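S.K.:
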Amino acid sequence: MSYTNFAKIYDELMKDVPYEKWVRFFEEKKDKYQFPVQNILDIGCGTGELAILLSKKGYLVTGVDLSEEMLSIAFEKVKNAGVSVQLFEQDMRELEGLGTFDCVQIVCDSLNYLQDLDEVKTTFERVSDHLTENGMFIFDVHSIWKMQNQFNDQTYAENGEDVSFIWHALEGEESNSVVHDLTFFILNEKTEQYERFDEIHEQRTFSVEEYSMVLESSGFELLDVVGDFGESEIDTAERILFVARKK
């Protein structure tokens, strides 16, 4: 997938994402399960919004993302925020050489870009390699309910002043998968004309039982599973959040 153009408007599209809820959820579970967290590895950090919030809370944060373009924007945002966040370009399936952390997180459905359970297991094993003993692992995924009810051949559109888009969520070939066919129109301020670009993003999710099984086989103890930050039942939640401990 390409993020060259997508990275430029990512924050605009994600402006309603409740990053503060992730911070509260993390701190609630950290306290509940008595994790002594000082440093955090944020995998799939995107443009750095969550990493910056955590850094402002006093945590030592390292961000990793596959997209050079996302990291370039994150670097500028970190500098402008006056915080210290280290940023690295790596694939979550091939993490190496980053040291160990008290907590690793993969949020905002980044894990759903993995296309099979083997890739999920490989990623969980790399996460384990970068966690301290008894370290905290927290991640979220799209629910199967969301795949079947909101990403099943649906079309969404938004007509903004500077950015407009048409988003076709097409059912993927694999079970519980989606192909996001995106067309964007972005205002070029210099020419005062709109420029079009297209991107394809593919995501897939698995059942709570399957994620739990892979966690167990990768050396983790599952501590908690909730829907929508604890606001919904798992069966009808859009987002499923997991909390685990490295054994």
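Quick note: the sequence shown uses this note's numbering, first residue 317, plus one each step. Beta carbons are placed, not taken as given, at the ideal position from N, Cα and C, and that holds for glycine. Keep in mind it's a predicted model, so treat the numbers as computed, not measured.
Where does the unbroken beta strand (DSSP E) through ILE482 begin, and where does it stop?
M.R.: 479-487
S.K.: Suppose you measure from the CA of SER523 to the CA of ASP551; what does that come to, to the nearest Å?
M.R.: 10 Å
S.K.: Nearest by alpha-carbon distance to LEU376: which of VAL420, PHE341 and TYR335 is it?
M.R.: VAL420
S.K.: Three-state secondary structure (DSSP) at TYR375?
M.R.: If DSSP states are grouped into helix, strand and coil, TYR375 belongs with coil.
S.K.: Under three-state DSSP, which class holds TYR349?
M.R.: coil
S.K.: Under DSSP, the alpha helix (DSSP H) around ASN396 begins and ends at which residues?
M.R.: 384-397
S.K.: Determine the contact status of TRP338 and VAL423, defining contact as a CB-CB distance below 8 Å.
M.R.: In contact: TRP338 and VAL423 (Cβ atoms closer than 8 Å).
S.K.: So who's on the other strand from SER548, going by DSSP bridges?
M.R.: As computed with DSSP, SER548 is found in a beta bridge with GLY543.
S.K.: Are there 16 or more other CB atoms within 10 angstroms of the CB of ASN492, so buried, or fewer, so exposed?
M.R.: buried
S.K.: First and last residue of the alpha helix (DSSP H) that includes ARG641?
M.R.: Residue 641 falls outside the range modelled here, since the chain spans only 317 to 563, and no answer is possible.
S.K.: Would you identify the three-state DSSP class for GLU532, choosing helix, strand or coil?
M.R.: GLU532 carries a helical assignment under DSSP once its states are collapsed to helix, strand and coil.
S.K.: Below 8 Å on the Cβ atoms is my contact criterion, and I expect LYS393 with GLY360 to pass it. Report the Cβ-Cβ distance as a whole number of Å.
M.R.: Not really, about 16 Å apart at Cβ, beyond 8 Å.
S.K.: Is the beta carbon of ILE368 sitting closer than 8 Å to the one on VAL399?
M.R.: yes
S.K.: Nearest CA to the CA of PHE558: which residue from GLU412, TYR527 and GLY379?
M.R.: TYR527
S.K.: Looking only at DSSP bridge pairs, what is MET452 linked to?
M.R.: MET452 pairs with CYS419 and ARG561.
S.K.: Would you give the residue range spanned by the beta strand (DSSP E) that ASN300 belongs to?
M.R.: Lying outside 317 to 563, the shown extent of the chain, residue 300 is not represented and no answer is given.
S.K.: By DSSP, does SER493 sit in helix, in strand, or in coil?
M.R.: strand
S.K.: Heavy atom of the ligand FMN less than 7 Å from the Cβ of GLY451, yes or no?
M.R.: This structure does not include the ligand FMN; it has no bound ligands of any sort.
S.K.: From ASP456 to THR521, what does the alpha carbon distance come to, in whole angstroms?
M.R.: 10 Å
S.K.: So for GLU343, helix, strand or coil by DSSP?
M.R.: helix
S.K.: Per DSSP, what kind of secondary structure is GLN402 in: helix, strand or coil?
M.R.: strand
S.K.: Assuming ALA553 contacts LEU531 under a Cβ cut-off of 8 Å, what Cβ separation, rounded to an integer in Å, is found between them?
M.R.: About 18 Å; that fails the 8 Å criterion.
S.K.: Under 8 Å: do the segment 407-417 and the segment 426-440 share three or more Cβ pairs, one atom per stretch?
M.R.: yes
S.K.: From LYS345, PHE342 and VAL353, pick the residue whose C-alpha is nearest to that of GLY607; which is it?
M.R.: For residue 607 there is no data in the structure shown, the boundaries of the chain being 317 and 563.
S.K.: Could you give the first and the last residue of the continuous alpha helix (DSSP H) run that contains GLN519?
M.R.: That residue, GLN519, is in no alpha helix (DSSP H); its beta strand (DSSP E) goes 509-520.
S.K.: Taking contact to mean 3 or more Cβ pairs, one atom from each stretch, closer than 8 Å, check whether the segment 488-503 and the segment 462-476 are in contact.
M.R.: yes
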